[in-house]
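In the numbering used here, the protein residues as written are 12 to 476.
A quick write-up on the structure given underneath.
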């Protein structure tokens, strides 16, 4: 009964509400910022090279934390599921969600910086819960967002990551009933070592693992494309042809390429959902727009590079997508068809590391929202209990039912988006004014420095006075 209820909610959310809301918000912010995601693309890379402006984590470290959460098992299993169940046209709709979502990511992360608060340790924390309460004056809505975020990331998404890691071993001869237990226990143990080390350890670990694993994964995908370059034109044609099969879309939208592309694109890049702002607020920068630009890059890295790498790796392999292979097994079969056993083991290793970095990035978001719910810094025993629960959930996810785990994560993420998207639509003005302030200072040859009074927020923020 629970599975049926969650599945119904899932279909309803993504069929009638979020598709329209996400695309409309992305288009609106793109127009209001004059397509900042393209116009200041080069500036975003320049910002990443800057050193930390204060005692918190750097802009690059904050980007790696949010990218760790975004670049995860959804980039492997999620893309495979979208192609196997929705068709190759789903890839196009993932691209569209990313291109428009870059502007949404910019707005929400800039707002998180504007309304962040000191964390009592020389750094800062913030996110949607903080800007919803400070700017909209709604403690209840902010609390609901924090609860949904913890349910989504510490429970739903971390269970998904744990499940996908175990699923990566399902094609091996040694797989039996004990593997989920052993793999789940090992993953939970390594997770415990990192989360009990606090936010700074999490930022250091993700800062190393994300670029290395992401780079290796893209390199292997490029090798696959080069080896099967004759198939590439047909793959591109199929993506665009199937993306605009409107008879299929409107005849059965819940199983269409558009629905799966939007859903898995949202699951992967999370633009507008309200997750990445929690990492963005922790960055020590001289101007909020700097981190808004950095987080905008994360959406492109996630979907246009990593997700596309999976899509082309699979579709250029010659292995036909089918429902029986959905998830990690399809990616393994595609790579193994060209590289033999190396393909199986490489995808297993990639899934393991992506699952691990996803879990770390997700947990980082949750600890910040725990502090918000408590309305103070958490005591040591409260953090200990919270971290132990997070570790146990990772262990539990390794043995959960496939459809229930994915649908639960989609529903709770949808609830986050339903709170965050209207909030950032209402609060767009401060972010847009901050963008104008940043561009003015850059035209004057300055390294932009932000003061809340410059955009009419004197006395309305805790950090920028």
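Backbone N, C-alpha and C fix where the C-beta goes; we use that ideal spot for every residue, glycine too.
Remember, predicted model here, so these are calculated numbers, not experimental data.
Which of helix, strand or coil DSSP assigns to residue i
i           : result
residue 379 : helix
residue 449 : helix
residue 483 : Residue coverage of the chain in this structure runs from 12 to 476, which leaves residue 483 outside it and unanswerable.
residue 150 : helix
residue 109 : helix
residue 372 : helix
residue 261 : Because the pLDDT at residue 261 is just 48, under 50, the model does not fix this residue reliably, and the value given afterwards should be weighed accordingly. Three-state result, residue 261: helix.
residue 177 : helix
residue 355 : helix
residue 12  : coil
residue 184 : coil
residue 319 : helix
residue 58  : helix
residue 388 : coil
residue 333 : coil
residue 436 : helix
residue 284 : coil
residue 100 : coil
residue 20  : helix
residue 328 : coil
residue 145 : helix
residue 428 : helix
residue 155 : helix
residue 476 : coil
residue 409 : coil
Bridge partners - residue i, DSSP secondary structure assignment
i           : result
residue 129 : 135
Burial state of residue i, where buried means 16 or more other Cβ atoms lie within 10 Å
i           : result
residue 250 : buried
residue 12  : exposed
residue 272 : buried
residue 38  : exposed
residue 72  : buried
residue 240 : exposed
residue 129 : exposed
residue 196 : exposed
residue 183 : exposed
residue 15  : exposed
residue 469 : exposed
residue 290 : buried
residue 48  : buried
residue 225 : buried
residue 140 : buried
residue 11  : Summary: the structure shown does not reach residue 11, with the chain confined to residues 12 through 476, and so no result is reported for it.
residue 202 : buried
residue 19  : exposed
residue 219 : exposed
residue 262 : Here residue 262 scores only 44 on pLDDT, less than 50, and its place in the model is too uncertain to base an answer on.
residue 461 : buried
residue 395 : exposed
residue 97  : buried
Extent of the continuous alpha helix (DSSP H) to which residue i belongs
i           : result
residue 251 : 243-254
residue 457 : Counting along the chain, residue 457 falls outside any alpha helix (DSSP H), and DSSP gives it neither H nor E.
residue 39  : 29-43
residue 469 : Here residue 469 belongs to no alpha helix (DSSP H), and DSSP marks it neither H nor E.
residue 193 : 189-206
residue 338 : Residue 338 -> no alpha helix (DSSP H), and no H or E assigned at all.
residue 91  : 90-97
residue 303 : 299-310
residue 47  : 47-50
Within-8 Å CB hit, residue i to chain D
i           : result
residue 160 : No chain D appears in this structure, which consists of one protein chain only.
Review point. Between the region 290-305 and the region 114-130, do at least 3 Cβ pairs fall closer than 8 Å?
Key: These segments touch.
Point to revise | Cβ contact (3+ pairs, closer than 8 Å) linking the region 47-63 and the region 302-310 | key: yes
Check your understanding: Do the region 422-439 and the region 143-154 touch if we need at least three Cβ pairs shorter than 8 Å?
Key -> Touching, yes, given that three or more Cβ pairs across the two stretches are closer than 8 Å.
Review point. For the region 235-246 against the region 324-336, are there 3 or more C-beta pairs whose distance is under 8 Å?
Key: yes
Check your understanding: If we count Cβ pairs, one from each stretch, closer than 8 Å, do we get three or more for the region 281-297 versus the region 108-124?
Key -> yes
Check your understanding: Are the region 422-432 and the region 186-195 touching by the rule of at least three beta carbon pairs closer than 8 Å?
Key -> no
Exercise for review: Assess, as a yes-or-no matter, whether the region 387-407 is touched by the region 370-379 under the definition of 3 or more beta carbon pairs within less than 8 Å.
Suggested key: Verdict: yes, contact present.
Review point. Does the region 31-45 touch the region 98-116, meaning 3 or more C-beta pairs lie closer than 8 Å?
Key: The region 31-45 and the region 98-116 touch, with three or more beta-carbon pairs separated by less than 8 Å.
Check your understanding: Is the number of C-beta pairs between the region 332-347 and the region 86-105 that are closer than 8 Å three or more?
Key -> yes
Practice item. Decide if the region 381-393 is in contact with the region 154-168; the criterion is three or more beta carbon pairs, one per stretch, under 8 Å apart. Key: yes
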